[in-house]
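Encoded as structure tokens, the structure appears first; notes follow it.
There are 2 protein chains.
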Amino acid sequence: MNTEFSSPLLEAAVTELSRLPGIGRKTALRLALHLLRQDTAAADALGNSIINMRHGIRYCSVCHNISPSEVCPICASEGRDRRTVCVVENVRDVMLFENTGMYRGVYHVLGGVISPMDGIGPDELEIESLARRVREGGVDEVILALGATMEGETTNFYIYRRLEGLPVRVTQLARGVAVGNDIEYTDEITLGRSLRDRTLFSDTFTQEF
Amino acid sequence: MNTEFSSPLLEAAVTELSRLPGIGRKTALRLALHLLRQDTAAADALGNSIINMRHGIRYCSVCHNISPSEVCPICASEGRDRRTVCVVENVRDVMLFENTGMYRGVYHVLGGVISPMDGIGPDELEIESLARRVREGGVDEVILALGATMEGETTNFYIYRRLEGLPVRVTQLARGVAVGNDIEYTDEITLGRSLRDRTLFSDTFTQEF
């Protein structure tokens, strides 16, 4: 859309909004016009919340999750099992696992997955700090909880090799039929693994581990 | 998504972003995490552009389009035909018509369409100021350029009745087959009107009016 804007202020806002992922200039213009229809307090609240978030947020020095303090509430909690470390791609994944209400261990946020296409190698990720956590001791199990994608599997394998020889059990998320999904719509690789990794039916009733 | 956020700053930004139309909490979280990965300048630019736009933008006192000055560049231009006034729903529509490069008249931005469902009556719109422009003279034609929706047609009709008796020609956008569309996929009401309102084929070559 090669739109001639009647205001440089509007044009600037549309340009900035359209830098966000998944937001094109057409959507950005719709958002900007929406904001113009709201009172000034709404625009101030949005604008300031973005600025304050970016400037104010810190990262946990242990697990690299976002944190209001030097060490995040999860790592600092007495109620969490620090011997189990769940390795996730990003901050959102921590929230997803927390929302299951089933995990009592701690986390390690990699900050991405290995992706040569995007120029992301192991050194761009928090893999060395994970190895250090394990070497320092006190960790019994590392759960690799990355996506079942090519990049996720590659990263899982890289971390597995990196931790080889250290006294730690390395596990990964079960692959299987997604809850709510029909067998008919499950691909055969997933079906094969769900068969190989079959579990005791009585374990279905276990809500925590 | 009932997510427990690890930071009140992140939560605030997600809440504000999700107030935007078409952006749910899941998308808002994705946008916020994207901003956290950018440098602080990017968040400042976005936040400030929104605040500055909302505080700085003015509206043309003649046509109610957004404007950097008391009277907008279109209304102020010597090159525009002030006797032809195109009535549009909002600021975006002005841009759309300007982008056609085919219109030399001026505009009148209503600020919406009559929609009892949304509690928008004629008094919420710039209809009285349109009638005043016409009564003050110098306007030969009012082009009703609202959408071919129920609300648009209702508003068209209301304005038509409001201007009745005044020495002005009231026209509306042609209804017909959209350029690029197949006859097969055009509804029969549109087909009927496109037949009734058929035009001289030689007019196809006319680029301006």
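For the protein sequence lines, the chains are A and B, in the order given. When you read off a place in the first sequence, starting at 1, and then add 9, the result is the number in my numbering. When you read off a place in the second sequence, starting at 1, and then add 9, the result is the number in my numbering. Virtual Cβ for every residue (Gly too), placed ideally from N, Cα, C. Since this is a predicted model, take the numbers as computed values, not measurements.
Please state whether DSSP places threonine 36 of chain B in a helix, a strand or coil.
Of the three classes helix, strand and coil, the one that applies to threonine 36 of chain B here is helix, per DSSP.
Counting contacts by CB-CB distance shorter than 9 Å, is valine 97 of chain A in contact with chain B?
Taking Cβ atoms only, chain B never reaches closer than 9 Å to valine 97 of chain A, which makes this a no.
Glutamate 5 of chain B touches chain A at which residues, Cβ-Cβ below 8 Å?
Only positions 10 to 218 of chain B appear in this structure, which leaves residue 5 of chain B out of reach.
At 8 Å on the CB atoms, spell out the chain E contacts of leucine 134 of chain A, in chain order.
Although the question refers to chain E, the structure presented lacks it and instead comprises the protein chains A and B.
Going along the region 62-78 of chain B in order, which residues come within less than 7 Å of chain A, judged by CB to CB distance?
Listed by position, the residues of the region 62-78 of chain B near chain A (Cβ gap below 7 Å) are Met62, Arg63, His64, Gly65, Ile66, Asn74, Ile75, Ser76 and Pro77.
Per DSSP, arginine 113 of chain B is paired with what?
None; arginine 113 of chain B has no bridge partner.
Determine, for isoleucine 32 of chain A, whether the minimum Cβ-Cβ distance to residues of chain B falls below 9 Å.
It does: the Cβ of isoleucine 32 of chain A has a partner Cβ on chain B nearer than 9 Å.
Kindly indicate which residue of A:Ser76, A:Pro82 and A:Ala54 has the alpha-carbon position closest to the one of serine 27 of chain B.
It is A:Ala54.
Would DSSP call isoleucine 60 of chain B helix, strand or coil?
Helix.
Which residue comes first and which comes last in the alpha helix (DSSP H) that contains valine 23 of chain B?
Per DSSP, valine 23 of chain B belongs to the alpha helix (DSSP H) from 17-26.
Decide if methionine 10 of chain A is buried, meaning its Cβ has at least 16 other Cβ atoms within 10 Å, or exposed.
Below a pLDDT of 50, predicted positions are generally treated as unreliable, and methionine 10 of chain A, at 41, falls in that range; the measurement from the model is reported next regardless. By the 10 Å Cβ count, methionine 10 of chain A comes out exposed.
Does the beta carbon of arginine 89 of chain B sit closer than 9 Å to a beta carbon anywhere in chain A?
With 9 Å as the cut-off, arginine 89 of chain B does not count as an interface residue toward chain A.
Any beta-carbon of chain B closer than 9 Å to the one on glutamate 160 of chain A?
No, because no Cβ of chain B sits closer than 9 Å to the Cβ of glutamate 160 of chain A.
Taking the C-alpha atoms as reference points, what is the distance between valine 208 of chain B and alanine 154 of chain B?
For clarity, residue 208 of chain B is threonine in the given sequence; the question names valine instead. Rounded to whole angstroms, threonine 208 of chain B to alanine 154 of chain B spans 19 Å at the Cα level.
With 9 Å set as the bound, which would you pick, yes or no: does the beta-carbon of serine 124 of chain B sit closer than that to a beta-carbon of chain A?
No, serine 124 of chain B lies away from the interface with chain A (no Cβ there is under 9 Å from its Cβ).
If we call anything under 9 Å between Cβ atoms a contact, is cysteine 84 of chain A one with isoleucine 75 of chain A?
Not closer than 9 Å, so no.
Are the C-beta of leucine 45 of chain B and some C-beta of chain A separated by less than 9 Å?
Yes, leucine 45 of chain B counts as interfacial toward chain A.
With DSSP run on the structure shown, which of helix, strand or coil describes cysteine 84 of chain B?
Looking at cysteine 84 of chain B - three-state DSSP - the assignment turns out to be helix.
Once you ignore the five residues that flank glycine 130 of chain B on each side, which residues in its own chain have a CB closer than 8 Å to its CB?
If we look at glycine 130 of chain B and ignore the five residues flanking it on each side, its Cβ neighbours are Ile123.
Is the Cβ of asparagine 11 of chain B closer than 9 Å to any Cβ of chain A?
Here asparagine 11 of chain B scores only 45 on pLDDT, less than 50, and its place in the model should not be relied on; the value that follows carries that caveat. At least one chain A Cβ lies under 9 Å of asparagine 11 of chain B.
May I have the straight-line CA-CA distance separating leucine 29 of chain A from arginine 101 of chain A, to the nearest angstrom?
Between leucine 29 of chain A and arginine 101 of chain A, the C-alpha separation is close to 17 Å.
Would you decide whether arginine 63 of chain B is buried or exposed? Buried here means 16 or more other CB atoms lie within 10 Å of its CB.
When all chains shown are included, arginine 63 of chain B counts as buried.
Assign arginine 101 of chain A to one of three DSSP states: helix, strand, or coil.
The answer is helix: DSSP assigns arginine 101 of chain A an H, G or I state.
Comparing alpha-carbon positions, which option in B:Ala140, B:Glu107 and B:Thr158 lies nearest arginine 170 of chain B?
Ranking the options by Cα distance to arginine 170 of chain B, first place goes to B:Ala140.
Cβ atoms of asparagine 61 of chain B and alanine 22 of chain A: under 9 Å apart, would you say?
Yes. Within cutoff.
Taking only beta-carbon positions, decide if valine 100 of chain A is within less than 9 Å of chain B.
Output row for valine 100 of chain A: interface = yes.
Is valine 148 of chain A helix, strand or coil when you go by DSSP?
In the structure shown, valine 148 of chain A sits in coil (DSSP, three-state: anything other than H, G, I, E or B).
With DSSP run on the structure shown, which of helix, strand or coil describes isoleucine 123 of chain B?
Coil.
Which of the three DSSP states is assigned to aspartate 90 of chain A in this structure?
Aspartate 90 of chain A: strand per DSSP, three-state reduction.
Can you tell me whether serine 76 of chain B is helix, strand or coil according to DSSP?
Note: serine 76 of chain B maps to strand in three-state DSSP.
Where does glutamate 137 of chain A land, buried or exposed, given buried means 16+ other C-beta within 10 angstroms?
Glutamate 137 of chain A is exposed by the Cβ-count criterion.
Enumerated in chain order, which unbroken segments of the beta strand (DSSP E) with a length of 3 residues or greater are wholly contained in the region 149-191 of chain B?
Runs of the beta strand (DSSP E) inside the region 149-191 of chain B: 150-153 and 178-181.
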